[in-house]
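Residue numbers for the sequence shown follow the numbering used here, so the first one is 5 and each next one is one higher.
Just so it is clear, CB atoms sit at the ideal spot from N, CA and C, and this is done for glycine as well.
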Amino acid sequence: MKISTKGRYALRMLLELAEKREDSFVSLKEISEHQNISKKYLEQIVPMLNKSGILRTNRGNRGGYMLAKEPKDCSVGEILRATEGSLAPVSCLEYAVNDCERAGFCETLYIWEGLAKVVSEYLDSITLQDILDHRTGAGGDDYCI
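Listed below in structure tokens is the structure:
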């Protein structure tokens, strides 16, 4: 599995919005400049995040974008599924029902199911708030001897 720039940029965009959630709506131009991501590329990502209910948009003079939910309620897994589609490591696990003709006797299926479970559980366990907290805690005086 490889996460595309679409997924990585969506995560960066949403982190920016999580950080500025008290500042009302943030323009795509501001996000683009601060994250050094093409505005055109962000415009392609916005509909996916909007459709999935992660992003809130507002048009007009004071328009822009903001998170549709609290950072603690938005997981990395949810963001990546919205932009990447499935996180399944093999095509036969992309849908809820595995319709592969070999599913009933595939000797390696349990490996891919286990990998999919571990990846999903891990990414679903990390929220935007966790990333923000990790960022502010990094480089501090927190150390062990």
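Practice item. Kindly indicate which three-state DSSP category L91 falls into: helix, strand or coil? Key: coil
Review point. If you follow the alpha helix (DSSP H) that G173 is part of, which residue opens it and which one closes it?
Key: What is shown of the chain runs 5 to 149, which leaves residue 173 out entirely.
Check your understanding: Can you find at least 3 beta carbon pairs, one from the stretch 95-103 and one from the stretch 66-84, that sit closer than 8 Å?
Key -> no
Point to revise | Contacting residues, own chain, Cβ-Cβ under 8 Å from S28 (five flanking each side not counted) | key: R66, G68, M70
Check your understanding: Helix or strand or just coil, what does DSSP make of N40?
Key -> coil
Review point. Quick one, which of D128, R12, I83, D137 has its alpha-carbon nearest Q39's?
Key: R12
**Study point:** Runs of alpha helix (DSSP H) lying entirely within the stretch 24-81, each at least 4 residues, in chain order
**Key:** 32-39, 43-55
Review point. Under a three-way DSSP split, which group does Q133 fall into?
Key: helix
Check your understanding: Using the beta-carbon count (16 or more within 10 Å), is S95 buried or exposed?
Key -> exposed
Point to revise | C-beta atoms of L18 and I83 nearer than 9 Å | key: yes
Practice item. Return the chain-ordered list of same chain residues with a C-beta closer than 7 Å to the C-beta of I35, the five sequence neighbours on each side being excluded. Key: M17, E20, L46
Review point. Can you tell me whether I115 is buried or exposed, with buried defined as 16 or more other CB within 10 angstroms of its CB?
Key: exposed
Review point. What number of angstroms, rounded off, separates the C-alpha of K55 from the C-alpha of L15?
Key: 16 Å
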